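Colleague:
Number of protein chains: 2
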Amino acid sequence: MKEKFVPDIVVKRLPWYLQTLNQMAREGLHTVSSIALADRVGTSGAQIRKDLSYFGEFGKQGTGYSIYFLIEQLQKILKVDRIWRVSVVGAGNLGRALTRYQGFANRGIDICLLFDNDPGLVGIRVNSLIVRHVDSMADDIQDMKVKMAILTLPSEAAQATADVLVGAGIQAILNYTPAALMLPKHIQVEHIDPVLQLQRMMYYLGEE
Amino acid sequence: MKEKFVPDIVVKRLPWYLQTLNQMAREGLHTVSSIALADRVGTSGAQIRKDLSYFGEFGKQGTGYSIYFLIEQLQKILKVDRIWRVSVVGAGNLGRALTRYQGFANRGIDICLLFDNDPGLVGIRVNSLIVRHVDSMADDIQDMKVKMAILTLPSEAAQATADVLVGAGIQAILNYTPAALMLPKHIQVEHIDPVLQLQRMMYYLGEE
DNA sequence: TAGATTGTTAATCGATTAACAATC
DNA sequence: TAGATTGTTAATCGATTAACAATC
Chain B
905 MKEKFVPDIV VKRLPWYLQT LNQMAREGLH TVSSIALADR VGTSGAQIRK
955 DLSYFGEFGK QGTGYSIYFL IEQLQKILKV DRIWRVSVVG AGNLGRALTR
1005 YQGFANRGID ICLLFDNDPG LVGIRVNSLI VRHVDSMADD IQDMKVKMAI
1055 LTLPSEAAQA TADVLVGAGI QAILNYTPAA LMLPKHIQVE HIDPVLQLQR
1105 MMYYLGEE
Chain U
905 MKEKFVPDIV VKRLPWYLQT LNQMAREGLH TVSSIALADR VGTSGAQIRK
955 DLSYFGEFGK QGTGYSIYFL IEQLQKILKV DRIWRVSVVG AGNLGRALTR
1005 YQGFANRGID ICLLFDNDPG LVGIRVNSLI VRHVDSMADD IQDMKVKMAI
1055 LTLPSEAAQA TADVLVGAGI QAILNYTPAA LMLPKHIQVE HIDPVLQLQR
1105 MMYYLGEE
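So the sequences go chain by chain: B and U. One rule links them: number in the numbering used here = place in the first sequence (from 1) + 904. One rule links them: number in the numbering used here = place in the second sequence (from 1) + 904.
#1: Give me the chain U residues within the contact set of P1082(B), using Cβ-Cβ distance strictly less than 8 Å, ordered along the chain.
#2: What in chain U is Cβ-close to M936(B), meaning under 9 Å?
#3: List the residues of chain U whose Cβ lies closer than 7 Å to the Cβ of V915(B), in chain order.
#4: Does the beta carbon of A1076(U) come closer than 8 Å to any beta carbon on chain B?
#5: What is the DSSP secondary structure of F962(U), counted as helix, strand or coil?
#6: For chain U, find out if any of its Cβ atoms is closer than 8 Å to the Cβ of Q1101(B); answer yes or no.
#7: Have a look at A940(B) and P1058(U) and give me their C-alpha separation to the nearest angstrom.
#8: Starting from the C-beta of I1091(U), find all residues in its chain whose C-beta is less than 8 Å away, skip the five residues before and the five after it, and write them out in chain order.
#9: Going by DSSP, name the residue or residues bridged to D1020(B).
#10: Using the Cα positions of R1011(B) and Y972(B), report the straight-line distance between them to the nearest angstrom.
#11: Any idea if A1009(B) is buried or exposed, counting beta-carbon neighbours within 10 angstroms, 16 or more meaning buried?
#12: L974(B) to F909(B), Cα distance in whole Å?
#13: Determine the chain B residues that contact R1011(U) at a beta-carbon separation under 8 Å, and present them in chain order.
#14: Alpha carbon to alpha carbon, how far is Q1006(B) from V1026(B)? Give it in angstroms, no decimals.
#15: Please say whether A995(U) and D1020(U) have beta carbons closer to each other than 8 Å?
#16: At a CB-CB cut-off below 8 Å, which residues of chain U make contact with R1000(B)?
#17: Drop a sphere of 10 angstroms on the beta-carbon of K1051(B), count the other beta-carbons inside from all chains shown, and report buried for 16 or more, exposed for fewer.
#18: Could you name the residues of chain U that K1089(B) contacts, counting a contact when the two beta carbons are closer than 7 Å?
#19: Check whether the segment 915–924 of chain B touches the segment 1082–1102 of chain U, counting contact only when three or more Cβ pairs, one atom from each stretch, lie closer than 8 Å.
#20: Taking only beta-carbon positions, decide if V1050(B) is within less than 8 Å of chain U.
#21: Beta-carbon of P911(B) versus every beta-carbon of chain U: anything under 8 Å?
#22: Just to confirm, are A1062(U) and A1042(U) a CB contact at a threshold of 8 Å?
#23: Please report the straight-line C-alpha distance between L1055(B) and A1072(B), rounded to a whole angstrom.
#24: I'd like to know if G1110(U) contacts chain B, where contact means its C-beta is closer than 8 Å to some C-beta of that chain.
#25: Please confirm if Q965(U) has its CB atom under 8 Å from at least one CB of chain B.
#26: If you run the structure through DSSP and keep just helix, strand and coil, what is D1047(U)?
#27: Over what stretch of residues does the alpha helix (DSSP H) that includes Q977(U) continue unbroken?
#28: Of all the CB atoms in chain U, is at least one closer than 8 Å to the CB of K980(B)?
#29: Identify the contact partners of I1096(U) in chain B, using a Cβ-Cβ distance below 8 Å as the criterion.
#30: Taking 8 Å as the CB-CB cut-off, is Q1046(U) touching chain B?
#31: Are the CB atoms of N1079(B) and E1094(B) within a distance shorter than 8 Å?
#32: Going along the chain, which residues of its own chain have a beta-carbon closer than 6 Å to the beta-carbon of R1036(B), five neighbours each way excluded?
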């Protein structure tokens, strides 16, 4: 796959395309044009064609794209064509809810480790996992070659824990705490904070 | 507050500024320059000055911004200077975890309603709330004049439920399901899907 | 063949950055 | 006063869109 530099804003859209294509496949469709796909995703045909052109030529003039083939290609590009082991750090309400979340299994994600520092939580079972103590976190992550982690712990502990994770070989962190993490820039970080998203929407709400 | 049209990308950054300023206030700081704030947020001084200029003049040449004053102004702009009642729809693991989340209380958000359609969940207590049946959802939301909702239910039910919410006067929806919602464009929607964020990061992960 | 749709180039649009006069 | 930093304008940069030759 010859890949020139791809803007991050393009990479961000690929999972959306993939998800929509999977949905279309489930509906029994076989072929889709850039415009039909764009309508479903909420973008333009030109943008989809441009985005895909960073990675190769996947369509046929006159007929569009084979859904099955395009799914396969996008999975390769995003490296979703394998199972990634992911560790959840923090076994509070949110950490346990995510560990139990059914939506990961079919989409390339295997939650395989769950940690907490609360002795009252260590040892309990969540789904098929047993909560482990953070003391063994670095070792466990190295042993299992885990590359991604989800942070669901109190924000006071977020930075220190993230540092340990990076030291243990974690390359991507999905941060559910309100803390802004300072990490080497080769580490991928995504931040989820429902408060920030709700506040953005408040701007657009009518008075009373 | 004279407000020309403000690009959404600017509005999206305001909650970040607000959060960082609050953090600085907690650290005992009183004044900040655009560059000092930018360093903490991870942007540039020019961008912060430009963004703020859409709403007015809040700084002083030579000294920068009063943190306290700027927090006050941003809260007004975002309408975070009041408490917004929010309904959680779906009392599964994630819905209960969000209802219990401590981070909402001090940041302008009051989770005041929690719904489910499972008779086994209706009536149980989560924090100080009792799970109500979705049958009364439209009425309850209208009675309490709730304008924002958080969707944490199976994706099959997401669209139909969102339609009911909009009918009941909901103006902003934070969607935790993988479903893409089709709603009138005056309705604000934010989508949180950890799978999409993890997949984006997979692109950047090294092979093995 | 005629119609449809791709991949790509050039044109447009919008966002970020640089620069600096104004001024605290 | 001298130094610092704002608010704003103009220049740059990057992303989106329009258009169309190529071709299935």
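Just so it is clear, CB atoms sit at the ideal spot from N, CA and C, and this is done for glycine as well. Note that the structure is predicted; figures quoted are calculated from it, not measured.
Modeller: So, to answer that:
#1: Going along chain U in sequence order, the residues near P1082(B) (Cβ under 8 Å) are Q923 and G1007.
#2: The sequence given here places Val at residue 936(B); Met does not occur at that position. Close to V936(B), with beta-carbon spacing below 9 Å, lies no residue of chain U; the smallest spacing is near 15 Å.
#3: By Cβ distance, chain U contributes R1104 and Y1107.
#4: Chain B contact via Cβ: present.
#5: The answer is coil: DSSP assigns F962(U) none of H, G, I, E or B.
#6: Yes - at least one Cβ of chain U is within 8 Å of the one on Q1101(B).
#7: Rounded to the nearest angstrom, the gap between the Cα atoms of A940(B) and P1058(U) is 26 Å.
#8: For I1091(U), the CB contacts under 8 Å within the same chain, skipping 5 residues up- and downstream, are V1070, I1074, Q1075, A1076 and I1077 in chain order.
#9: In the DSSP assignment, D1020(B) forms a beta bridge with H1037(B).
#10: C-alpha separation (whole angstroms): 16 Å.
#11: The Cβ neighbour count for A1009(B), taken over all protein chains shown within 10 Å, is under 16; the residue is labelled exposed.
#12: Taking the straight line joining both Cα atoms gives about 20 Å.
#13: Simply V1099 and Q1103.
#14: Each residue's alpha carbon lies about 22 Å from the other.
#15: At the C-beta level, D1020(U) and A995(U) come within 8 Å of one another.
#16: Within 8 Å Cβ-Cβ: N997 and A1001.
#17: With 16 or more other CB atoms across the displayed protein chains lying within 10 angstroms of its CB, K1051(B) is buried.
#18: Contact annotation for K1089(B) against chain U: no contact, minimum CB-CB distance about 11 Å [criterion: below 7 Å].
#19: Three or more Cβ pairs drawn from the segment 915–924 of chain B and the segment 1082–1102 of chain U lie within less than 8 Å of each other, which places the two stretches in contact.
#20: By this cut-off, V1050(B) is not an interface position.
#21: Residue-level contact by beta carbon fails for P911(B) and chain U, as no gap is shorter than 8 Å.
#22: For A1062(U) and A1042(U), no; Cβs fall outside 8 Å.
#23: For L1055(B) and A1072(B), the distance between alpha carbons rounds to 15 Å.
#24: So yes, G1110(U) belongs to the interface.
#25: At a cut-off of 8 Å between beta carbons, Q965(U) makes no contact with chain B.
#26: In the structure shown, D1047(U) adopts helical secondary structure according to DSSP, grouped into three states.
#27: Counting along the chain, the alpha helix (DSSP H) containing Q977(U) begins and ends at I971 to L982.
#28: K980(B) does not count as touching chain U.
#29: Correct list: I1096, P1098 and Q1101.
#30: Contacts with chain B at 8 Å (Cβ-Cβ) do not include Q1046(U).
#31: Against a cut-off of 8 Å, the Cβ pair of N1079(B) and E1094(B) comes out as a contact.
#32: Here the set comprises F1019.
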